[in-house]
Amino acid sequence: MILRIVLTIIFSAANAKAANENAREFRAMCWLYNLLATPPPEPVLESGTDAATKSTLQEKINSIKTDILMLNLTVADNEVLATLKDTSKYANQAATQESGKKVAYFTGITEEKFAAMRKAHAKLFEEGQEGDKRRKAYNLPITAALKTKIAPIFYRLEQQADLIVKEAEFSAARIKTARAAAAQAQAEALFGATYSPKITSDTALEANIPEPQPANFPWNGGTRDAVCAEAAAADGKAGNALATDILCLCLPMHNGDSTNYCETKGTAPSSSTPISTPTLAAAEFDKIKATCKETGQGQSKEPTAPRLQAATARIFAMLGANRQGQTGGPNNVALNPEEGGILGVHEFYQTKPGCTANNAAPLTQGGHGICISYHNLLKDAGGIPWTAKITEAEQQLTKVHTIFNQAISLIGHAEAIKNQMTSLLLMGDLITVVQGTLPTASTQPTIEEQNKCKNPPNKTAEGCAAIDCDYDKTKKECKPKPGSETRAAEKTGDAAAATTDKCRRHNQKAACEAEPGDPPKGKAKVCGWIDYVDGEGKLDPPQCRSSSFLLNKQFALTVVSAAFAALLF
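Numbered according to mature numbering (1 follows the signal peptide of the UniProt record, and there is no 0), the sequence shown spans residues -18 to -1, 1 to 551.
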């Protein structure tokens, strides 16, 4: 008896509340609507204080490309610079290959790269304070000798950077495609699979995804019940477009029902005239759209995979939860498992719950409700169409995020090459190729010097002087003179220099490699035939050089490389 009284009080109280019954579901669906109506944002790179400077991936790529081309032009010869400057004579790359004014440097270069080089040239030689500041930062002008030394290095670095930049540009194109695919999936989740015009990578993604024309609103049926009561996998039915389902939760069926079920501002939607066409449905949707767009004010509406997942989960956590009771308790008929697929307020008493709404007071009638039954779609493998489109959008948004992170790594590699080129310019005269044999600087006397002074015939001052040694008064013995180790090194250097001169006299490869004598340590021959020397460039014709010179020159470049690495890190 007590239980009956309690249940009667509970369900009578619930029945007393006749308006705003779907306000909670409406707000949840509107938050998802606002996320889907916002185009996927283009990811940006942030830099500067408090990340104040923002640039898109393509903007960053263009900036790095220009800077690297500009650095490469610092070592270009005057003919190249003059060609890029003369826009009248050389309007494009094709003009550099014309008979009578051909510039070999630009052979094989695309028009796109030629235009990029011209842009870099303009930036490098920009007049005014900014241009002066830039040239000073690069330590310009540089000497012809330094140009000769680092031009081959710059060429290789620029080629490496060009490959990286092309890969980054491909990533930017993939991001553009994925953003468009995500936007199309969002549009179809909102307005159905027939949404048009289709969004492609060429579509400008504005502030909001455009709504369809009223005649194309997703609504196909003679009445509210025909569209909304049972969701189905058919165009214009509940379950195919979020906009349709939002309207279903707010729209009465009976012309005598004026209840504002979604607590919207202004005139509430109604069926005073049967909503039998897409245009009529669009007019009713317009009544609730303003309130819908206010949902989540102050929060970011940029769609991300986690936000879409959370918003969708919030809606479906409400399935089967919005019951409207009657006086007295429900029976077993009301406890039907299909109720778990109902979204929105529905009568819950002594009949199977349903979403028919054709009554002036639908929540007082068995099997009625202002709701949508997703039961049939939920048990189908395809699920609810608009949720499938949201999943598709989530996948594309995740792809954008993944590709962008990969592109950031590429940008880092390109930036590193730019920094290497800048450091080489700033090192200037430190990049010196050492020719000849590097003497070994030793602080210890040679073995010969030590042995010579160790056992003199007469261990007196006069006896030590006679064999070119000093006399140690304390120990009363001879010792090597200071600087003897330097003199030994100088002798070694003189010998290497002599070998170098001996090799240079040959102008035939066979004679060069047949030079008699003892080859330097680690070398098979005294002399070697070469056609390229770092710091000197290509030797034309090839020349004969000392093998010890080549070894020591490599060592010198290793020293410079170590200094360069120290500058970078």
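Built from N, CA and C at the ideal position, the CB exists for glycine as well. Quick caveat, the model's predicted, so the values are computed rather than measured.
Exercise. Using beta-carbon positions only, say whether Cys210 and Ala1 come within less than 9 Å of one another.
Key: Result no, Cβ atoms of Cys210 and Ala1 do not sit closer than 9 Å.
Quiz prompt | Nearest-angstrom Cα separation, counted from Asn387 out to Tyr72 | solution = Tyr72 and Asn387 have their C-alpha atoms roughly 40 Å apart.
Quiz prompt | Extent of the continuous beta strand (DSSP E) run through Asp453 | solution = In the sequence on display, residue 453 carries Tyr and not Asp. Note, Tyr453: beta strand (DSSP E), Asp452 to Asp454.
Quiz prompt | Rounded C-alpha distance that separates Asp500 from Ala126 | solution = One C-alpha to the other measures close to 38 Å.
Quiz item: Hey, how far is the Cα of Leu229 from the Cα of Ala33?
Solution: A direct Cα-Cα distance of roughly 42 Å separates Leu229 from Ala33.
Quiz item: Taking buried to mean at least 16 other C-beta atoms within 10 Å of its own C-beta, is Ala169 buried or exposed?
Solution: If you draw a 10 Å sphere on the C-beta of Ala169, you find 16 or more other C-beta atoms in it, and that means buried.
Quiz item: Start and end of the beta strand (DSSP E) containing Thr38?
Solution: Segment Thr35 to Thr38, the beta strand (DSSP E) holding Thr38.
Quiz item: If you pair each beta-carbon of the region 115 to 133 with each one of the region 20 to 40, do three or more pairs fall below 8 Å?
Solution: No, they do not touch.
Quiz item: Hey, how far is the Cα of Ala167 from the Cα of Lys83?
Solution: When rounded, the separation of the alpha-carbon atoms in Ala167 and Lys83 is 54 Å.
Practice problem: Using a Cβ-Cβ cut-off of 9 Å, state whether Pro192 counts as contacting chain D. | Solution: Absent from the structure: chain D. Only one protein chain is present.
Self-check item: Alpha carbon of Cys274 to alpha carbon of Lys67, nearest angstrom
Solution: About 58 Å.
Quiz item: Do Ile297 and Leu325 have their CB atoms nearer than 9 Å?
Solution: Ile297 is a Cβ neighbour of Leu325, given a cutoff of 9 Å.
Practice problem: Go to Gly326, then tell me how far its alpha helix (DSSP H) extends in each direction, as first and last residue. | Solution: For Gly326, no alpha helix (DSSP H) segment is defined; the enclosing uninterrupted segment is the beta strand (DSSP E) at Ile324 to Glu329.
Exercise. Would you check if the distance between the CB atom of Leu14 and the CB atom of Leu290 is smaller than 9 Å?
Key: At a Cβ-Cβ threshold of 9 Å, Leu14 and Leu290 count as neighbours.
Quiz item: What are the partner residues of Lys461, as DSSP defines its beta bridges?
Solution: Looking at the DSSP output, Lys461 bridges to Asp452.
Quiz prompt | For Gly307, the first and last residue of its enclosing alpha helix (DSSP H) | solution = That residue, Gly307, is in no alpha helix (DSSP H); it is neither H nor E in DSSP.
Quiz item: At which residues does the beta strand (DSSP E) containing Cys353 begin and terminate?
Solution: For Cys353, the enclosing beta strand (DSSP E) has its first and last residue at Gly351 to Ser355.
Practice problem: Give me the Cβ distance between Thr356 and Ile366, rounded to the nearest whole Å; I'm assuming they're in contact under 8 Å. | Solution: With the sequence shown as reference, residue 356 is identified as Tyr, and Thr is not the correct amino acid for it. Indeed, because the Cβ distance is near 6 Å, the residues count as touching under 8 Å.
Exercise. State buried or exposed for Asp476, treating a residue as buried only when at least 16 other CB atoms are found within 10 Å of its CB.
Key: Note that Asp476 scores a pLDDT of 46, beneath 50, so its modelled location is shaky; the value from the coordinates is reported in the next line. Here Asp476 is exposed: its Cβ has fewer than 16 other Cβ atoms, across all protein chains shown, within 10 Å.
Quiz item: alpha helix (DSSP H) containing Ser70: first to last residue?
Solution: Ser70 -> no alpha helix (DSSP H), and no H or E assigned at all.
Practice problem: Compare the C-alpha of Ala342 against each of Gly307, Met403 and Ser252 and name the closest. | Solution: Of Gly307, Met403 and Ser252, the residue nearest in Cα terms is Ser252.
Quiz item: Do Leu187 and Arg156 have their CB atoms nearer than 9 Å?
Solution: By the CB criterion at 9 Å, Leu187 and Arg156 fall outside the cutoff.
Quiz item: Which partner residues of Thr338 appear in the DSSP bridge assignment?
Solution: Looking at the DSSP output, Thr338 sits in a beta bridge with His350.
Quiz item: In terms of residue numbering, what span does the beta strand (DSSP E) encompassing Leu27 cover?
Solution: Element bounds for Leu27: Val26 to Ser29.
Quiz item: Is it right to say Arg487 is buried, meaning 16 or more other beta carbons lie within 10 angstroms of its own, or is it exposed?
Solution: Exposed, by the Cβ-count rule.
Quiz item: What are the boundary residues of the alpha helix (DSSP H) that includes Val209?
Solution: It spans Arg206 to Cys210 - the alpha helix (DSSP H) in which Val209 sits, taken as one unbroken run.
Quiz item: So, are the CB atoms of Leu359 and Ala214 less than 9 Å apart?
Solution: Yes; because the gap between Cβ atoms is below 9 Å, this pair is in contact.
Exercise. With His383 as the anchor, note down where its alpha helix (DSSP H) starts and where it stops.
Key: Bounds of the alpha helix (DSSP H) holding His383 are Pro367 to Met409.
Self-check item: Test item: CB-CB of Asn237 and Ala250 under 9 Å
Solution: Taking 9 Å as the Cβ cut-off, Asn237 and Ala250 do not qualify as a contacting pair.
Quiz item: Using 8 Å as the threshold, is the region 174 to 190 in touch with the region 387 to 405, meaning 3 or more CB pairs across them?
Solution: In short, these stretches do not touch, since the Cβ pair count stays below three.
Self-check item: Assumed close pair Cys12, Thr277 - CB separation to whole angstroms, cut-off 8 Å
Solution: Contact between Cys12 and Thr277 holds: CB atoms are separated by about 4 Å, below the 8 Å threshold.
Quiz item: Got a sec? Which residues, its chain only, sit under 7 Å from Val26 by beta carbon, not counting five neighbours each side?
Solution: Non-local C-beta neighbours of Val26 in its own chain, meaning closer than 7 Å and more than five positions away in sequence, comprise Lys36, Ser37 and Thr38, ordered along the chain.
Quiz item: What is the DSSP secondary structure of Gln195, counted as helix, strand or coil?
Solution: Reduced to three states, the DSSP call for Gln195 is coil.
Quiz item: Taking the continuous alpha helix (DSSP H) assigned at Ala167, which residues delimit it?
Solution: It spans Ala126 to Phe173 - the alpha helix (DSSP H) in which Ala167 sits, taken as one unbroken run.
Exercise. Rank Met409, Ser81 and Ser183 by C-alpha distance to the C-alpha of Leu128 and give the top, closest one.
Key: The shortest C-alpha separation from Leu128 is found at Met409.
Self-check item: Alpha carbon of Thr176 to alpha carbon of Ser183, nearest angstrom
Solution: Distance between the alpha carbons of Thr176 and Ser183: 19 Å.
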